[in-house]
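Counting in my numbering, the sequence shown runs from 16 upward without gaps. Even glycine gets a Cβ: it sits at the ideal position worked out from N, Cα and C. Treat the numbers as computed from the prediction; the structure is a model and nothing was measured. The block underneath contains the structure these notes are about, expressed in structure tokens.
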Amino acid sequence: MKRLLIALLALLFLVPALGLCEDVTVILDYVPNTNHTGMYVALENGYYAEEGLNVQIIEPTEGATATLVAVGKGDFGISYQEEVTMAIASKDPLPIRAIAAVIQHNTSGFATAVSKNITSPADFEGKTYSSWGGPGEAATLHAVMDSMGADFSKLNIVISDGSGFAALEKNVDVMWFFEGWDNVKCQLNNFPINYMELRQYDERLDYYTPVIITSNRMIEENPETVRKFLAATSRGYAYAIANPDESAKILQKYAPDYSLEMLTISQNYLAPKYAEDAPRWGEMKDEVWNGYTDLLVQYGVLESAIPAATCYTNEFLPEAGQ
16 MKRLLIALLA LLFLVPALGL CEDVTVILDY VPNTNHTGMY VALENGYYAE EGLNVQIIEP
76 TEGATATLVA VGKGDFGISY QEEVTMAIAS KDPLPIRAIA AVIQHNTSGF ATAVSKNITS
136 PADFEGKTYS SWGGPGEAAT LHAVMDSMGA DFSKLNIVIS DGSGFAALEK NVDVMWFFEG
196 WDNVKCQLNN FPINYMELRQ YDERLDYYTP VIITSNRMIE ENPETVRKFL AATSRGYAYA
256 IANPDESAKI LQKYAPDYSL EMLTISQNYL APKYAEDAPR WGEMKDEVWN GYTDLLVQYG
316 VLESAIPAAT CYTNEFLPEA GQ
């Protein structure tokens, strides 16, 4: 009987009932990729479970992630500083806030085919740009062309047909690429490009992309859940920083359509970027939020600036070293 009692007590302590775990839904911005690795690591390695969270990571299927999170279709989501700023500054503001920066610096830029000899925004006049329709896209193009003394009005903008990098040798000249993903695709397909990093032309373009968001309701009603989610997620990104190759293997379980070679190259590029120049993963600064907002005001996307504090908070991030 004594042995049986000990076994039952051990079972109670060591096997938590799944029903006691809190269900949490995370909505991605797109399909699983290396921007999201830390969350998949946290899921695979049991970090969320250790915090008492039963996390489901899903792709957006019904609309923009920011809107879905705002209306409670998901507890957390992956968004971008530009989307959050526009959503909060709109006439009908979405009740959302950024709670962590996935990457500290903007790792995107404009790409052109080497064969076309377009090496700078100064060469964009008379060229055709393939647009994905983002609200701040024209302002970004305007800013980088202004920085090089080029006339933005002479750039032809068309909507992307989704044909990918191959279009750069055909009917378009310039596309917006993310270095850790699109550039890797080009590398593996032996497609040489000229790449122009956004932040080298205007420091205000060094904004946070992507970010993790949640709703104001979650912050007000379930702050401990937000704190637990970020504690586990932070551990996941710390693991991805220290173990990029192993993290790529974990990610491929959830993103099997991509080769391990591509994911490994991408992961090794992003690993040192996640927390670069920051005291801890996820931390954000007023100056970054204010700088991008000022750019949007300058180029007429926003009528007036909005306070950074309405857009983000570092409150729920674990302390450095935890």
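Query	Result
Boundaries of the beta strand (DSSP E) in which residue 143 is found, first to last residue	143 to 146
Which of helix, strand or coil DSSP assigns to residue 323	helix
Three-way DSSP call (helix, strand, coil) for residue 284 in this model	helix
Range of the contiguous beta strand (DSSP E) that encloses residue 190	190 to 193
Entirely enclosed beta strand (DSSP E) segments - the region 158 to 191, minimum 3 residues	171 to 174
Helix, strand or coil at residue 232 [DSSP, three-state]	helix
Stretch-stretch touch, CB-based, cutoff 8 Å, three pairs: the region 107 to 121 with the region 131 to 139	no
With 16 other Cβ atoms within 10 Å as the buried cut-off, status of residue 97	buried
Beta-carbon spacing of residue 216, residue 307 below 8 Å	no
Residue 243, buried or exposed, once every other Cβ within 10 Å from all chains shown has been counted against 16	buried
Cα-Cα separation between residue 324 and residue 45, rounded to whole angstroms	27 Å
Range covered by the beta strand (DSSP E) that runs through residue 212	208 to 212
Residue from 258, 309, 248, 140 whose Cα sits closest to the Cα of residue 65	248
Residue 126 beta carbon less than 8 Å from that of residue 42	no
Start-end ranges of the beta strand (DSSP E) lying completely within the region 28 to 79, minimum 3 residues	37 to 42, 68 to 73
Counterpart residues of residue 226 in DSSP-defined beta bridges	94, 116
Local Cβ density within 10 Å of residue 196, reported as buried at 16 or more and exposed below that	buried
Whole-angstrom distance between residue 313 and residue 142, CA atom to CA atom	24 Å
Minimum C-alpha distance to residue 162 - residue among 235, 95, 310, 232	310
The region 88 to 103 in contact with the region 174 to 191 per 3-pair CB rule at 8 Å	no
Proximal residues to residue 302 (C-beta, below 7 Å), its chain only, five neighbours per side dropped	none
Spatially closest choice to residue 193 from 50, 35, 36, by CA coordinates	50
Assumed close pair residue 335, residue 287 - CB separation to whole angstroms, cut-off 8 Å	About 17 Å separates the two Cβ atoms, so there is no contact after all.
Residues that DSSP places opposite residue 123 in a beta bridge	193
C-alpha gap between residue 272 and residue 263, whole angstroms	13 Å
Where residue 257 sits in the DSSP three-state scheme	helix
Nearest-angstrom Cβ-Cβ length linking residue 230 and residue 111, presumed shorter than 8 Å	6 Å
Selected residue, minimal CA-CA separation from residue 149, among 94, 212, 136, 113	94
Residue 307: first and last residue of the uninterrupted alpha helix (DSSP H) it sits in	301 to 313
Rounded separation between residue 60 and residue 147 - CA only	35 Å
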